[in-house]
Every structure is written in structure tokens, then in C-alpha cells.
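Since the structure comes first, as C-alpha cells, the remarks are kept for the end.
2 protein chains.
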Amino acid sequence: MEIWRISLFSHHFMKRSCRSLFGRLSGFESEISNPRSSLGSIYKFGNSCGPSTKSSLELHQKKYTQLCCFLLRDHHNILQSSLAMRPDGTYRIHYRSFGSEATKIQRNPSFSTLTPDDIFYFKEILGEKNVIQDPDTLSTANTDWMRKYRGSSQLLLQPRSTEQVSLILKYCNSRRLAVVPQGGNTGLVGGSVPVFDEVIVNVGSMNNTISFDKVSGILVCEAGCILENLGSFLANQGFIMPLDLGAKGSCQIGGNVSTNAGGLRFVRYGSLHGTILGLEAVLANGTVLDMLGTLRKDNTGYDLKHLFMGSEGSLGIITKVSILTPPKLPSVNLALLACEDYFSCQELLQEAKRTLGEVLSAFEFLDNHSMDMGITEALAKAGAVYKYDLSLPVEQIYNIVEEMRLRLGQSAKVLGYGHLGDGNLHLNISTPEYNDAVLAQIEPFVYEWTSKHRGSISAEHGLGLMKANEIHYSKSPETVQLMVSIKKLLDPNGIMNPYKVLPYSLLS
Amino acid sequence: MEIWRISLFSHHFMKRSCRSLFGRLSGFESEISNPRSSLGSIYKFGNSCGPSTKSSLELHQKKYTQLCCFLLRDHHNILQSSLAMRPDGTYRIHYRSFGSEATKIQRNPSFSTLTPDDIFYFKEILGEKNVIQDPDTLSTANTDWMRKYRGSSQLLLQPRSTEQVSLILKYCNSRRLAVVPQGGNTGLVGGSVPVFDEVIVNVGSMNNTISFDKVSGILVCEAGCILENLGSFLANQGFIMPLDLGAKGSCQIGGNVSTNAGGLRFVRYGSLHGTILGLEAVLANGTVLDMLGTLRKDNTGYDLKHLFMGSEGSLGIITKVSILTPPKLPSVNLALLACEDYFSCQELLQEAKRTLGEVLSAFEFLDNHSMDMGITEALAKAGAVYKYDLSLPVEQIYNIVEEMRLRLGQSAKVLGYGHLGDGNLHLNISTPEYNDAVLAQIEPFVYEWTSKHRGSISAEHGLGLMKANEIHYSKSPETVQLMVSIKKLLDPNGIMNPYKVLPYSLLS
Numbered sequence: 006m007e008i009w010r011i012s013l014f015s016h017h018f019m020k021r022s023c024r025s026l027f028g029r030l031s032g033f034e035s036e037i038s039n040p041r042s043s044l045g046s047i048y049k050f051g052n053s054c055g056p057s058t059k060s061s062l063e064l065h066q067k068k069y070t071q072l073c074c075f076l077l078r079d080h081h082n083i084l085q086s087s088l089a090m091r092p093d094g095t096y097r098i099h100y101r102s103f104g105s106e107a108t109k110i111q112r113n114p115s116f117s118t119l120t121p122d123d124i125f126y127f128k129e130i131l132g133e134k135n136v137i138q139d140p141d142t143l144s145t146a147n148t149d150w151m152r153k154y155r156g157s158s159q160l161l162l163q164p165r166s167t168e169q170v171s172l173i174l175k176y177c178n179s180r181r182l183a184v185v186p187q188g189g190n191t192g193l194v195g196g197s198v199p200v201f202d203e204v205i206v207n208v209g210s211m212n213n214t215i216s217f218d219k220v221s222g223i224l225v226c227e228a229g230c231i232l233e234n235l236g237s238f239l240a241n242q243g244f245i246m247p248l249d250l251g252a253k254g255s256c257q258i259g260g261n262v263s264t265n266a267g268g269l270r271f272v273r274y275g276s277l278h279g280t281i282l283g284l285e286a287v288l289a290n291g292t293v294l295d296m297l298g299t300l301r302k303d304n305t306g307y308d309l310k311h312l313f314m315g316s317e318g319s320l321g322i323i324t325k326v327s328i329l330t331p332p333k334l335p336s337v338n339l340a341l342l343a344c345e346d347y348f349s350c351q352e353l354l355q356e357a358k359r360t361l362g363e364v365l366s367a368f369e370f371l372d373n374h375s376m377d378m379g380i381t382e383a384l385a386k387a388g389a390v391y392k393y394d395l396s397l398p399v400e401q402i403y404n405i406v407e408e409m410r411l412r413l414g415q416s417a418k419v420l421g422y423g424h425l426g427d428g429n430l431h432l433n434i435s436t437p438e439y440n441d442a443v444l445a446q447i448e449p450f451v452y453e454w455t456s457k458h459r460g461s462i463s464a465e466h467g468l469g470l471m472k473a474n475e476i477h478y479s480k481s482p483e484t485v486q487l488m489v490s491i492k493k494l495l496d497p498n499g500i501m502n503p504y505k506v507l508p509y510s511l512l513s
Numbered sequence: 006m007e008i009w010r011i012s013l014f015s016h017h018f019m020k021r022s023c024r025s026l027f028g029r030l031s032g033f034e035s036e037i038s039n040p041r042s043s044l045g046s047i048y049k050f051g052n053s054c055g056p057s058t059k060s061s062l063e064l065h066q067k068k069y070t071q072l073c074c075f076l077l078r079d080h081h082n083i084l085q086s087s088l089a090m091r092p093d094g095t096y097r098i099h100y101r102s103f104g105s106e107a108t109k110i111q112r113n114p115s116f117s118t119l120t121p122d123d124i125f126y127f128k129e130i131l132g133e134k135n136v137i138q139d140p141d142t143l144s145t146a147n148t149d150w151m152r153k154y155r156g157s158s159q160l161l162l163q164p165r166s167t168e169q170v171s172l173i174l175k176y177c178n179s180r181r182l183a184v185v186p187q188g189g190n191t192g193l194v195g196g197s198v199p200v201f202d203e204v205i206v207n208v209g210s211m212n213n214t215i216s217f218d219k220v221s222g223i224l225v226c227e228a229g230c231i232l233e234n235l236g237s238f239l240a241n242q243g244f245i246m247p248l249d250l251g252a253k254g255s256c257q258i259g260g261n262v263s264t265n266a267g268g269l270r271f272v273r274y275g276s277l278h279g280t281i282l283g284l285e286a287v288l289a290n291g292t293v294l295d296m297l298g299t300l301r302k303d304n305t306g307y308d309l310k311h312l313f314m315g316s317e318g319s320l321g322i323i324t325k326v327s328i329l330t331p332p333k334l335p336s337v338n339l340a341l342l343a344c345e346d347y348f349s350c351q352e353l354l355q356e357a358k359r360t361l362g363e364v365l366s367a368f369e370f371l372d373n374h375s376m377d378m379g380i381t382e383a384l385a386k387a388g389a390v391y392k393y394d395l396s397l398p399v400e401q402i403y404n405i406v407e408e409m410r411l412r413l414g415q416s417a418k419v420l421g422y423g424h425l426g427d428g429n430l431h432l433n434i435s436t437p438e439y440n441d442a443v444l445a446q447i448e449p450f451v452y453e454w455t456s457k458h459r460g461s462i463s464a465e466h467g468l469g470l471m472k473a474n475e476i477h478y479s480k481s482p483e484t485v486q487l488m489v490s491i492k493k494l495l496d497p498n499g500i501m502n503p504y505k506v507l508p509y510s511l512l513s
């Protein structure tokens, strides 16, 4: 659903948009309800629309070939969670766990293994209870949210301050103990879990807000703050986070920044590279970089904070962030529109951007194949899911979906949905169970196609372990080489989140 | 002047703001003219307001202690140009030219000097006419816009392609010939002119637009495009540049990005770190980094383009950029408001941000001392000007102006104006002529004060030669050390824009 400020203006826009697209809509008339409600309105199309989005979806799904819609809840919530969870709380999806053997990577022999002396040291600096060796807790921390990647770490550390993070890393670096920084562990590319026996450092206990300035809207907080909690804190101050995503109840702001999370408000508030004003990070050798500025403008030397944004913990651990937050909007409006084809979606996007300007917060879309996997059916039928997070020029986005459908025929369901306003497609391919033949049909085709159209093979999920070796599809050899040089400069022993982001062959 | 979309909403806001601030306004009643004009309105306050901003300024200047105003023309245009130029086109300001002797820096003895063979090589790759040795042209290129810094380069090169830039740098690196990248040469900190005999590489001939996508608003162009020309090009397409500044008629987009220019639309469209989507840059050794993505989201490895933004040409030369441009607004509204004190300015800013949201494009302010230096008086009396470009928490901004006034007494005029919406103060101190005793009163006090309040000693102008040694006032030693390491990694011979940005002592 689109979110915009209620006004006569948006009402007029809606009416006009409906009319201009009307020729392409089939089988129903438009209906706009409560256009002036101060609590926000759901614009519904169709004679028999129910009062909620969910029922509208159900009613529309058989009628229209495509749906261009604006979702208040992130589609990750709607699709991914529903695909994963049965009513009794168990999972029905066929998960494929890639252990170390499946990654085709050998453990780096230069890394040490843990000794009782190491445990003793960590207990000394962190206190007994923050040095976790309990098998159940470790099992959770070793496994990613999709249960696709699983490590075998024997140690989880929970520092409570930047100084403790610094002491941990300094020690690990001197001992050559590899480290995985972990936040909410909600990533989708295997970036936040160990590959082998890396020490897990989870900053979730560092979850204090440090300051908030109501004049500037600048929030300073520790990296372990959960995104949703920050949103609640800000709501009381009359502000919102510029970032929202499906995992907000678990993900931590440090992880969001480390992975340069995109999400649902990207159209309106832009990239974290624009809204993060400062951060504090700890390098592999324990050096604390205080870049925790709270200024909108600061041109004093190289802006190094950007190196840590999107580097997925491979250059250091982010411990604090400073972020510019926008004022809370007086009202939120949601609209669900049905379009006959992808071209109409593009036309609507252009019209919405041109006419609504920055008032447009999100422009999301689902195709009818995604609709067919609505919640109930997904629960009943869901099998294996191959997930791709692509950026493409908007006019190209749906071509890959259709080409993939032709390519795979009846062997798989191909779903296209995503943040159309950002040019971000989530291509999901569903099969009854994991199948190497299907996978071989998908990869490397999907990456080659994306590269050929100057797209990105990871729009917002990052590379992690899953796509570290595929970086060349989106980045030139010279650029990758410079990344490798910077990695070696900041982390000469390679202890920070090893085997991730960059091809391991270039680092060893 | 503030720029916002004409609507009943903004009209209501204006009326309300006027009322809420009315108690603080003295001596006149409010008057709002043409609030619904489709061409935009100037909101004027005072019974005898004339039709233009200029006359309003003149009428108001004696009455109010401070003026909180929204300027359509950048204050740089209004103040700096007027201070610099007499009606007959000559300059009256006392300029102080810092040659190499005044910088207290010795020429790096490891750099070579030009030979006839070098000239021969450059003519071979660039063609005769793009290798400039003409003394008049060189004199202009050696001197900065403020005529404060002057180098002694004997050679200006004008490449016409990325390949030529690459060949130039590869050659200079192998010969250890130092290089100054130059765009429109409109910088204010001595960053764009040689200190000694560095070869000047001006990319102004690389001024083609490469592509523009009307769906996404993404423009790709060469680095030498003049900002104003890009604006004109986009206007025909229904878009605008997200960046505007007083020097737009001369400055080039490559220079804007290299210096991370801020300017007039920053409140609304944010930092270039958010709007620049990609760039191409050439390293000192001639390596071309193709990072010219045209995607809003791309999380594939370290986002290295940010290293080149704001590094003032010291890490490489930017040759192409890709930038997200916003739609042209259907109307522009301007308002000029008078406030009794700085606190009222802050209150108005908060109200404007809260109520107008992203519709607010700029929030500029001038104090009455700046008003007293309006154009006419400035032309008659202008002498030497000490210019400081500071970022500070909004509530602190005016304290430094007042403290400086107390400190300098009658020996100087202290003016405060700037981009209040960004927390960016331009502190200008005017004396009849340059005076070392006054300078000693100002520096390092102004830097120490700024540092103490966690401000930035360069909000948007950069460090250049002027403030390279002052970086520690805004950045921690560990952060500066990492900058030095990165400089050495990318430019081991130190040929790129030497003596600038970072303390020379740390690089040698």
C-alpha cells in the first residue's frame, strides 16, 4: 500500500490515476472510500471489496493479471513469514542447510581454535553470563533465519560496551580467532552466522538510546537497539525511523547499517548512506573509530563511515550510530490498485512520482502469481524457495520474471514482487522440494541476465556467504580488487566475518 | 526564501507561523500577498513592503534585530559576489594571496619537474590544443576564485575522455609529476589550484550528458558538465538537480561530487552521498574504476564511490557521475520572515520541519549585521573577509557569532548567515584590510570552539589547503590515521592534489 499524506491533492490524484488507468482495468469499477478520513484511508477498487487489504487481495486475485499495490506491511512479512510458518508454529518449507562442506570452502588454516585460556580471558572481561557456551543458544546463533546456513561455533560473546568489543577484537586478532559479528540474525544470505567455528559476537546487549534532539531529529543509539523499539521510542517524540522492514521486530540497527538495509521507506527517505550521519566502529585490531558525528554537513576528510555501511561486518563491528529521523506524518494513506499489465504499473509509478513528489513513501508491487501464493495456499503447498534480490532498471524488472517462467516451464512457480519504486525485484522460485536440476537452470542464468542489464545481483540483502563469489556479476574486476586491498588494510589477518562478501580466493 | 509547493496547506502554515511568532515581531503587521498564485508567492511582512525581496530587505533592515529568511538566490550570490565586484568590474576587496611561502609547506622533493619530453608526450595523447602553456590561461588556472591562493603550474591539460585522464595519470604517476584535478575552480579553501608547480588537469571539456531515464529520474553525465547546464537540461525533461549553489554557473558536477557540495536544496534532497548513485573515477596509477551504477539499491560489496566523494581529488579524478534527480515542482513559493531573536528562528525551523515535512526545500537565515552589509554598503566599504564554514548543533549556531563579536569588539564586523535548516553557519568577519592580529584573535579560537561543541570546521567547503592541518579539530586521531592509510593505498606516490585535505606531516 502506498503511504501518503491525506489531502485533497492525493484524493484528486487517486481519482485521476484511476481514470487514466481505467481502460486497462478489467471487470470492475473504481470505488474510493473515506478519502478525507483523518486516520488514513484504504482506497479500494472493485464492487465487492471488503474492508481490509487482505480480503481485497482475496477478492481480486482471480480477476486481474497483475496487481500494483502499496503495502503497509512489508511483503516480506506477508510472503516470507507465511511461507515459513505453519499454524502450529512448525516449519513446513523444505530447508536446505548448507554446512561447511556445501560451501566448497575450506576452513582457513591460519585461524586458531578456541582453548580454555581463551574462555577464561573472555569471562574475565565480559563476566561469566555474557560468555555463552550453552548448546541450545549456540544452535540458534549458528543458524540463519531461513535455516539455510549453519555454522559450528562453540562460543557466543555478548559485550555490553564499545570497550568490551574492542578488547574482544584485539584479543581475537592477536590470537587469530575468526569472528562473526551478529545482530538480529535476520539476514537472508548467510552473512550473520558462522561458516565454521568462528566466535560469534552479538551486540544485542548494547541497546541503549544515547540522545535524541527534537530540533534536528537526530537520534544517537547503540548498535544493538531493535529497529521496532527505536520506532516506538521515536513515535513518542513525534518522529519515525527513515527505515522500515519486515524483520523490524528482531533486526538491530547495527545490523541494518552494516548491511545497508533498504526496505519499505526507501522511496521517500532514501538510502542509509544519506540518513546515517555518523557511527562508531571497532576495527579488527581493537581500534575504536569515533565517527559518531551528529551533523548534517561535515566535509572534513574522507567520509569513512560509508566503508562500514554495507560491508556486512567484514571490516569491523559497528557499535553506535547517529541517524537523521523524519517527523512523524499526521496521517497515512494506503492504496491498492490493480493494473492489467506491467506497463501500467510503470505508468502509475511515473505518475505517482511526478504528482505526489516526496509524499510518496512506498510503491510496492505483486504479480498475480504471488497473489496465488497468498497466505493460506502457501501454508498448504509451500516447498523449497529459491530467493533472488535484484535491482534492475524499472522497465526491465518484469522481463526476468517472464523469461524465468518460460525457462522453467511447469517445474517451478516463478513469483515476482518487490519495491517497484526502488527498482528492486524479489524474484522467488518455488518448487515442491530442493532440486539441483532446477537450481542449475536458475543459476548462473539469473546473475548473467542481471549483469547484462547492468543490474545488481543483490539490491538490499547483501552478498554474505551466498553470493560472495558472484560479486563480479555486479562489480568490475578493478573495483573488486580495490575492495580486497581495503579489506587487507583494515583486517590484515582476515578475522572479521571470513568467507563472506568478497571471493575467498582473492583474499587468501 | 523558502521554496515549497503552493497549496492551501502552506498558506495555512504561513498564517499560523506568523501568528505564533507575532509576539516576537516588532513594529509592523503581517501581510501575505498572492498566496494562491500559480507562479509562487513572496510572503512579505511589514506595511510598506515593496514587490521584491530586495526592497523588502532594504525596508526591514533597520527595524529588526534578526531576520529569518528563505532565499531563492543563494546567499553566496548575494553576499560574496557583491562583496567582490565593483560596478566597473574591478575588485575592491583586499585579497591576500598565499603563495607557497605562506603555506609553511616545502615542495615535496620526491616530485619531478616538467621536461620537454613530458610536454611532447601529453601533446601526443591529447592533441596540441589541449596542452596549455599560455601564461594568461595558466595565471587564471593557478589562482583560486577568492584570489587567496596562487600556484605556479606551467601546464594545464584538458582531457576529453576517461581514457585520456587514465593515460595522463598513469604517466604522471610513473614520472612522479604531481597533479591538481580542477573543475570550475570555484572552491573557497584552496583545494582546486596548485600549491607549487603541479600539473593542472581540468576535465571541463568532458561535458556530455550520457543518458537520462525519465522513469527513474537518473541522469548520467561526464564530470565536466556545468551544474547550471545540467539544471537547464533537466528542466526540459521535467526534473531538477538535487543540488543548487551560488557557483552553479561555473562549477562542474565532478567538482561538486569531489567536494561533496552541500548548497541550497540540502534540507529537502539531502547529501550527495544519498543522491549520487554511481561514478567513474581514475586512480593515480591510471586504473579506471567503473562504479557507474544507475540503480537506487545495490548491496554488492563495499560502496567505494563514497571514498571519492568529499576527498577533494586527493584519491583520484572523478570522470563520470550518475545522479538521482527529483521531479520539477509544479510551483515554488518563497517566504521572508523577520524574527526578533535567534530562539525564534529555531522555533520557526522546528515548526516548518514538523508541519511542511519534505515540502520544505531550504531554510536560510541572515542576521541584521549581514543585512547591514547588503549589496550597496558592501560595495562601498568591503575590505578583507575571513570566512568560516561551520556545522554546529542548531541551538549553538548563533553563540559563536555573538562570542566572536565580543572577542573582536570594534576591530571587525562579524556576520552570521547560512543554511539554518542544515545546521550550517557561514561566519564572515570583515575588517578594512587583512590584519594578523585580528587573525590571531580568530584562529585557532574558532576551530577550538567548534570542536568543543562537536561541530565541523568545514560543513560544505572542504579542507583543501586552508584547513588540511586543522582536521584534528573535527576528526579523531584514529580516523585521520585511517584516512592517511587509505591515501597511501590508493596513491602511494602522493601525486594526487598534494598538500591538501590531510596534514602533510602525516603523509611524508
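So the sequence lines, in the order shown, correspond to chains A and B. Residue numbers are given in this note's numbering: position 465 of the first sequence equals residue 470, and the series is strictly consecutive. Residue numbers are given in this note's numbering: position 167 of the second sequence equals residue 172, and the series is strictly consecutive. The C-beta atom is built at its ideal place from N, Cα and C for all residues, glycine as well. Values in this document were obtained by computation on a predicted structure and should not be read as measured data.
- If you look at E352 (chain A), you'll find it in the alpha helix (DSSP H) that goes Y347 to L361.
- At least one CB atom of chain B sits nearer than 8 angstroms to the CB of N429 (chain A).
- When DSSP states are grouped into helix, strand and coil, L239 (chain B) belongs to the helix group.
- Flagged as an interface residue toward chain B: H278 (chain A), by a C-beta distance shorter than 8 angstroms.
- With contact defined as three or more Cβ pairs closer than 8 angstroms, the segment 316-325 of chain A and the segment 260-269 of chain A are in contact.
- Judged by DSSP in its simplified three-state form, H278 (chain B) adopts helix.
- The beta-carbon of H374 (chain A) is placed no less than 8 angstroms from the nearest beta-carbon of chain B.
- Proximity of Q159 (chain B) to chain A, defined by a Cβ-Cβ separation below 8 angstroms, is not satisfied.
- Looking at the DSSP output, L294 (chain A) shares a beta bridge with A:A286.
- The secondary-structure analysis by DSSP pairs M501 (chain B) across a beta bridge with B:V184.
- Chain B places no beta carbon closer than 8 angstroms to that of D377 (chain A), leaving this residue out of the contacts.
- Collapsing the DSSP output to three states places H477 (chain B) in a helix.
- Along the segment 167-186 of chain B, none of the residues has a CB nearer than 9 angstroms to a CB of chain A.
- Interface residue (Cβ-Cβ distance to chain A less than 8 angstroms): H466 (chain B) is classified as such.
- Only T292, V293, L294, D295, M296, G298, T299, L300, R301, K302, D303, N304, T305, G306, Y307, D308, L309, H311 and L312 from the segment 289-313 of chain B bring a Cβ to less than 8 angstroms from some Cβ of chain A.
- By the criterion of at least three beta-carbon pairs nearer than 8 angstroms, the segment 279-291 of chain B is in contact with the segment 487-503 of chain B.
- For P497 (chain B), the closest Cβ of chain A is not nearer than 8 angstroms.
- The residues P164, V287, I322 and T324, in chain order, have a CB closer than 6 angstroms to that of V170 (chain B) in the same chain once the five nearest residues on each side in sequence are set aside.
- With a beta-carbon spacing of about 6 angstroms, V204 (chain A) and L182 (chain A) fall inside the 8 angstroms limit used to define contacts.
- With respect to G428 (chain B), L300 (chain A) sits close: the two C-beta atoms are nearer than 8 angstroms.
- For H311 (chain B), the three-state secondary structure derived from DSSP is helix.
- A straight line joining the alpha-carbon of G196 (chain B) with that of N190 (chain B) spans about 9 angstroms.
- DSSP places T455 (chain A) in the uninterrupted alpha helix (DSSP H) bounded by F450 to K457.
- Residues of chain B whose Cβ lies closer than 7 angstroms to the Cβ of E363 (chain A) are, in chain order, E363.
- Secondary structure note for H431 (chain B): its beta strand (DSSP E) is the uninterrupted segment N429 to T436.
- DSSP places Y439 (chain A) in the coil class of the three-state scheme, outside both helix and strand.
- Excluding residues up to 5 positions away in sequence, Q169 and L172 lie with their Cβ nearer than 7 angstroms to the Cβ of I130 (chain A) in the same chain.
- Under the Cβ criterion (8 angstroms, minimum of three pairs), the segment 130-139 of chain A counts as touching the segment 152-163 of chain A.
- Proximity of K358 (chain A) to chain B, defined by a Cβ-Cβ separation below 8 angstroms, is satisfied.
- By the beta-carbon neighbour count (other beta carbons within 10 angstroms, threshold 16), Q415 (chain A) is exposed.
- Under the DSSP definition of a beta bridge, C226 (chain B) partners with B:T214 and B:V326.
- Counting only the Cα atoms, L284 (chain B) lies some 18 angstroms from S210 (chain B).
- The three-state secondary structure of G421 (chain B), taken from DSSP, is strand.
- Closer than 8 angstroms to the CB of V399 (chain B) there is at least one CB belonging to chain A.
- By the 16-neighbour rule on beta-carbons within 10 angstroms, E465 (chain A) is buried.
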